[in-house]
Amino acid sequence: AQTVTQSQPEMSVQEAETVTLSCTYDTSESDYYLFWYKQPPSRQMILVIRQEAYKQQNATENRFSVNFQKAAKSFSLKISDSQLGDAAMYFCAYRRSGYSTLTFGKGTMLLVSP
Amino acid sequence: DVKVTQSSRYLVKRTGEKVFLECVQDMDHENMFWYRQDPGLGLRLIYFSYDVKMKEKGDIPEGYSVSREKKERFSLILESASTNQTSMYLCASSSHVGASNQPQHFGDGTRLSIL
Numbered sequence: 001a002q003t004v005t006q007s008q009p010e011m012s013v014q015e016a017e018t019v020t021l022s023c024t025y026d027t028s029e030s031d032y033y034l035f036w037y038k039q040p041p042s043r044q045m046i047l048v049i050r051q052e053a054y055k056q057q058n059a060t061e062n063r064f065s066v067n068f069q070k071a072a073k074s075f076s077l078k079i080s081d082s083q084l085g086d087a088a089m090y091f092c093a094y095r096r097s098g099y100s101t102l103t104f105g106k107g108t109m110l111l112v113s114p
Numbered sequence: 115d116v117k118v119t120q121s122s123r124y125l126v127k128r129t130g131e132k133v134f135l136e137c138v139q140d141m142d143h144e145n146m147f148w149y150r151q152d153p154g155l156g157l158r159l160i161y162f163s164y165d166v167k168m169k170e171k172g173d174i175p176e177g178y179s180v181s182r183e184k185k186e187r188f189s190l191i192l193e194s195a196s197t198n199q200t201s202m203y204l205c206a207s208s209s210h211v212g213a214s215n216q217p218q219h220f221g222d223g224t225r226l227s228i229l
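The listed protein sequences correspond, in order, to chains A and B. According to the numbering used here, the residues represented by the first sequence are 1 to 114, in order. According to the numbering used here, the residues represented by the second sequence are 115 to 229, in order.
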């Protein structure tokens, strides 16, 4: 069974600084998809960024980028120029190709201070 | 934008009651999912459905059942609520087209308390 590990229960960053959230996963598959979701306090979970395992290029969405290391089974999220609105719980998720279900990590709470 | 609507944000029920949590999506998505979210445990899949009247058990189906009579609606049922089912429940949907790359879209969640 696939597992997703987020080793940092909580991270802190100051506004305008850069922070990296870690995620590792365990799978024997070669074709899969990885996602980062953001859940602000008392608000809806939304997709931040996704990565296809067959693509070597790291995905980027504005201030959010990933460092995808397939051999190391690592998928970290970098948030540049952090803003107060980035404060949220962040979940890393894995999906095996051809399947609809996601396996989630336990989440990292990101605190952003002025 | 995809809209996933859960019928209640907060719900308080008593032990032994039969509880229904409703979820509706407006994007004609084939797949729908129910998760529970607990601190320190992340999201755990209870049940999912890939078509009307079809259902599959997730990781923690015990004590729950589901119903999908219409494509847009997916109901989670607690047959006899117990205090250990106090939790946040999240509904999600996704398209089957290009399945693996499609994100799941989530509702706002229902915070359920069983007294």
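Just so it is clear, CB atoms sit at the ideal spot from N, CA and C, and this is done for glycine as well. Just so you know, these numbers come straight off a predicted model, no measurement behind them.
Alpha-carbon spacing of residue i relative to residue j, whole angstroms
| i | j | result |
| --- | --- | --- |
| Ile-49 of chain A | Thr-224 of chain B | 25 Å |
| Ser-113 of chain A | Lys-185 of chain B | 44 Å |
| Gln-44 of chain A | Met-202 of chain B | 12 Å |
| Lys-123 of chain A | Leu-47 of chain A | Because residue 123 of chain A is not part of the residues shown, which for chain A are 1 to 114, the question remains open. |
| Ile-191 of chain B | Gln-14 of chain A | 43 Å |
| Gln-51 of chain A | Ile-174 of chain B | 27 Å |
| Ser-189 of chain B | Cys-137 of chain B | 6 Å |
| Val-4 of chain A | Tyr-33 of chain A | 12 Å |
| Val-126 of chain B | Thr-197 of chain B | 11 Å |
| Ser-82 of chain A | Ala-16 of chain A | 5 Å |
| Asn-145 of chain B | Thr-119 of chain B | 15 Å |
| Arg-63 of chain A | Phe-35 of chain A | 16 Å |
| Leu-21 of chain A | Gln-8 of chain A | 7 Å |
| Ala-206 of chain B | Thr-18 of chain A | 31 Å |
| Leu-204 of chain B | Gly-98 of chain A | 23 Å |
| Arg-147 of chain B | Val-133 of chain B | It should be pointed out that residue 147 of chain B corresponds to Phe in this sequence rather than to Arg. So the two alpha carbons sit approximately 17 Å from each other. |
| Phe-159 of chain B | Lys-167 of chain B | The question names Phe, yet the displayed sequence has Leu at residue 159 of chain B. Cα to Cα, Leu-159 of chain B sits roughly 18 Å from Lys-167 of chain B. |
| Ser-12 of chain A | Arg-187 of chain B | 39 Å |
| Ala-72 of chain A | Tyr-25 of chain A | 9 Å |
| Leu-110 of chain A | Arg-150 of chain B | 21 Å |
Simplified DSSP assignment, three categories, for residue i
| i | result |
| --- | --- |
| Asp-86 of chain A | helix |
| Leu-229 of chain B | coil |
| Gln-44 of chain A | coil |
| Lys-38 of chain A | strand |
| Ser-74 of chain A | strand |
| Lys-106 of chain A | coil |
| Ala-93 of chain A | strand |
| Ile-49 of chain A | strand |
| Gln-120 of chain B | strand |
Opposing strand residues paired with residue i [DSSP bridges]
| i | result |
| --- | --- |
| Tyr-54 of chain A | Tyr-54 of chain A pairs with nothing; no bridge assigned. |
| Leu-125 of chain B | B:Leu-226 |
| Tyr-99 of chain A | Answer is none; Tyr-99 of chain A lacks a bridge partner. |
| Gln-14 of chain A | A:Ser-113 |
| Ser-65 of chain A | A:Thr-60, A:Lys-78 |
| Lys-169 of chain B | Its beta-bridge partners do not exist; DSSP assigns none. |
| Gly-5 of chain A | In the sequence as presented, Gly is not what sits at residue 5 of chain A; that position holds Thr. Paired residue(s): A:Thr-24. |
Supposed close pair residue i, residue j - CB separation, criterion 8 Å
| i | j | result |
| --- | --- | --- |
| Gly-105 of chain A | Gly-154 of chain B | At roughly 11 Å, the Cβ-Cβ gap does not stay under 8 Å, so Gly-105 of chain A and Gly-154 of chain B are not in contact. |
Ignoring anything shorter than 3 residues or poking outside the region 179 to 223 of chain B, list the beta strand (DSSP E) runs there in chain order.
-> Counting only runs of 3 or more, we get 187 to 192, 201 to 208.
List in chain order: all unbroken beta strand (DSSP E) runs of 3+ residues lying wholly within the region 130 to 166 of chain B.
-> Runs of the beta strand (DSSP E) inside the region 130 to 166 of chain B: 133 to 139, 145 to 152, 156 to 163.
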